[in-house]
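Here the structure comes first, spelled out in structure tokens, and everything after it is commentary.
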Amino acid sequence: VYIRKKPLEIPPPSEKDWLKDDEEDFFLQDPNRKRDALPQPFRMINKLVMLVFENAMEIIARREMLREAQKLKVQPPKCFPTAEFQVTGRANCLAVSGKYIFVGLSVGLAAFKVSDCKEVCAWDAVKTEICAIHALDLGNERHVLLAVDEMGLVWLFCFHKESFLLIKILNEVEDISKRSTCVEVVLSPGGDYAGVLLQGNTKAWLEIYRLPKDSWLKEMEKSPGAAAGLAFRERRSSWTSVIHIFLLQESPVSATQADAKLSLPVLLLKVKPPKPITGSSFKSPLDALKKVPDGSMLGLGYNHLIKDSQWEQQEAIFRSTYQEYLEAEGKRESKEEIPRHATFHFLLPSWILQVGPEMKVQPDVPAGISVHWDGSHNLCLYLLNHPLKEKVDSDPKPHVVWLCAAPIACSAVSSCSRYLALACEDATITIWDKHLGYPLSVTAILEERLIRSIHFL
-5 VYIRKKPLEI PPPSEKDWLK DDEEDFFLQD PNRKRDALPQ PFRMINKLVM
45 LVFENAMEII ARREMLREAQ KLKVQPPKCF PTAEFQVTGR ANCLAVSGKY
95 IFVGLSVGLA AFKVSDCKEV CAWDAVKTEI CAIHALDLGN ERHVLLAVDE
145 MGLVWLFCFH KESFLLIKIL NEVEDISKRS TCVEVVLSPG GDYAGVLLQG
195 NTKAWLEIYR LPKDSWLKEM EKSPGAAAGL AFRERRSSWT SVIHIFLLQE
245 SPVSATQADA KLSLPVLLLK VKPPKPITGS SFKSPLDALK KVPDGSMLGL
295 GYNHLIKDSQ WEQQEAIFRS TYQEYLEAEG KRESKEEIPR HATFHFLLPS
345 WILQVGPEMK VQPDVPAGIS VHWDGSHNLC LYLLNHPLKE KVDSDPKPHV
395 VWLCAAPIAC SAVSSCSRYL ALACEDATIT IWDKHLGYPL SVTAILEERL
445 IRSIHFL
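Residue numbers (the working numbering): -5 to 451.
Written out as structure tokens, the structure is:
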């Protein structure tokens, strides 16, 4: 038996059998086409054209795949307008309350029905352009409206039985030089309170009003004819433009006469921004403790024992230690500016907001407000259920102060008013349980981000 010593191997091809890819006419099998080879530079042009063509086909195939994948996704429904309504002038803002749509116009206010989009009432003022409007349903066919015009004036209306009743201009003053402009208005849930953030030439402050909605209902029930006569109500479906101009000039006179018929809102609080903390004038800790009315809570930090010289020494040490970083970032402003903007929320009763036994507490009526000013570490809570005074305290002290490690950037309150979210400038978000008074969670965003707004879903 013959046994092969080595395994059978396929011999390698010889050089004459190799494919010569660099030869230009190796693919030509037809002898008659030998002379059809393109000379340079046309061969390079041919390769470039084929490359462009292949890239284009790849792009087309990729887009086709994306189009097919998009068809498999659930497409959101497209909504088209079902009705439209015509307004006089320019529409700047709108608000929905109950079965009515209130539109702020360049020449006043207008009310439309949600069901048929027909105009039911109009308050015309040729020199009053409404830029913002807030509306709330009070029940019994009553609606409260807060409108802000282009001059920053806050107009308080009561809409009853398809009629606008002008109650008061909240920040109207006789001296124009002392006039303040409105930055933000907020209506509390239920319409019991209204908050107005105002700015003057050099200062800002927050005013909280109590709205006597129950008194309005009684007053309108006692004299419905008089209230309806004082309100400016006009249907403009068949009027010409000439009559429009006449009504615009005559309407404000009759509308402002409603002040004497309805009770005016009552100013409860006037909250000012916190003052910069300066050096202490106390000689001993006992003197500082005497200024604290109750030692059961933290304050705003004014009652301390740090002297002006200590502040200056700390500033000098800081500048000498981090001088190179300060020069890179630019000059720092040594003078602290008073904040001009605040964020505030109305809060329902809880364990944190303790109300005295002489005041009645309703679970659906706000018991306090939370306020924090720009650049401040403190969240201040003020009570609303306290006896009315003849003169409002110009600088009320907060009933509760919550301290944060960094300045508060923004905040939000849940719909049930139990949970409070605070976002600080160091990109940390804290969720507080307002009923129990302790944080539920603290989330820190790793990347350096500036949180501008926060909302509960």
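Each residue gets a CB set at the ideal place from its N, CA and C atoms; glycine is no exception.
Discussion item. Assuming contact is defined by CB atoms lying nearer than 7 Å, are residue 175 and residue 146 in contact in what I supplied?
Written reply: Position 181 of the sequence shown holds residue 175. Position 152 of the sequence shown holds residue 146. Their beta carbons are under 7 Å apart, which means residue 175 touches residue 146 by this criterion.
Practice prompt. Please confirm if residue 199 has its CB atom under 7 Å from at least one CB of chain C.
Written response: Among the protein chains of the structure shown there is no chain C, as only one such chain exists.
Discussion item. On a Cα-Cα basis, can you pick out the residue from 410, 117, 141 and 415 that is closest to residue 403?
Written reply: Stepping through the sequence shown from its first residue, residue 403 is reached at position 409. The shortest Cα separation from residue 403 among 410, 117, 141 and 415 belongs to 415.
Discussion item. Please give me, in chain order, every unbroken run of the alpha helix (DSSP H) with length at least 4 that falls completely inside the segment 148 to 227.
Written reply: 207 to 216 and 218 to 224
Discussion item. For a quick check, are the C-beta atoms of residue 85 and residue 99 less than 7 Å apart?
Written reply: Along the sequence shown, read from residue 1 onward, the residue named residue 85 stands at position 91. Along the sequence shown, read from residue 1 onward, the residue named residue 99 stands at position 105. It is a contact, given that the beta carbons lie within the stated cut-off.
Practice prompt. Could you have a look at residue 71 and say whether DSSP puts it in helix, strand or coil?
Written response: Counting from one through the sequence shown, the residue named residue 71 turns up at place 77. Residue 71 falls in the coil class under three-state DSSP.
Discussion item. Please list the terminal residues of the continuous alpha helix (DSSP H) segment that includes residue 55.
Written reply: In the sequence shown, counting from the first residue as 1, residue 55 sits at position 61. Run containing residue 55: 36 to 66, per the alpha helix (DSSP H) assignment.
Worksheet entry | Classification of residue 214 by the beta-carbon crowding that lies within 10 angstroms, buried from 16 upward | In the sequence shown, residue 214 corresponds to position 220, counting from 1. Residue 214 should be labelled buried.
Worksheet entry | Nearest-angstrom Cα separation, counted from residue 181 out to residue 192 | As a first step, residue 192 must be located in the sequence shown, where it is residue number 198. As a first step, residue 181 must be located in the sequence shown, where it is residue number 187. Between residue 192 and residue 181, the C-alpha separation is close to 15 Å.
Practice prompt. Measure the beta-carbon distance from residue 114 to residue 156 and round it to whole angstroms, keeping in mind my assumption that it falls under 8 Å.
Written response: Numbered from its first residue, the sequence shown carries residue 114 at position 120. Numbered from its first residue, the sequence shown carries residue 156 at position 162. Confirmed, Cβ separation roughly 5 Å.
Item to complete: For residue 316, name the three-state secondary structure that DSSP assigns.
Response: Counting from one through the sequence shown, the residue named residue 316 turns up at place 322. Correct three-state label for residue 316: coil.
Discussion item. Is the separation between the beta-carbon of residue 417 and that of residue 443 shorter than 7 Å?
Written reply: On the sequence shown, position 423 is the one that residue 417 refers to. On the sequence shown, position 449 is the one that residue 443 refers to. Going by C-beta atoms, residue 417 is not nearer than 7 Å to residue 443.
Discussion item. Judging by CA-CA distance, which residue of 300, 189, 63 and 426 is the nearest neighbour of residue 165?
Written reply: Position 171 of the sequence shown, counted from the first residue, corresponds to residue 165. Closest by alpha carbon: 189.
Item to complete: Compare the C-alpha of residue 117 against each of 52, 391, 82 and 310 and name the closest.
Response: As a position in the sequence shown, residue 117 is number 123, starting the count at 1. When each option's Cα is compared against that of residue 117, the closest is 82.
Worksheet item: Quick one: what's got a C-beta closer than 6 Å to residue 396's C-beta in the same chain, skipping five residues either side?
Response: As a position in the sequence shown, residue 396 is number 402, starting the count at 1. Closer than 6 Å at the Cβ level, and outside the excluded window around residue 396, lie 373.
Practice prompt. Could you tell me if residue 449 is buried or exposed, where buried requires 16 or more neighbouring beta carbons within 10 angstroms of its beta carbon?
Written response: Taking the sequence shown and counting its residues from 1, the one referred to as residue 449 is at position 455. The residue in question, residue 449, is exposed, as its Cβ has fewer than 16 Cβ neighbours within 10 Å.
Worksheet item: Shortest alpha-carbon distance to residue 125 belongs to which of 135, 89, 131 and 423?
Response: The sequence position of residue 125 within the sequence shown is 131, counting from 1. Cα-wise, what sits closest to residue 125 is 89.
Discussion item. Between the alpha carbons of residue 394 and residue 368, how many angstroms are there, rounded?
Written reply: Locating residue 394 in the sequence shown gives position 400, where the first residue counts as 1. Locating residue 368 in the sequence shown gives position 374, where the first residue counts as 1. Taking the straight line joining both Cα atoms gives about 18 Å.
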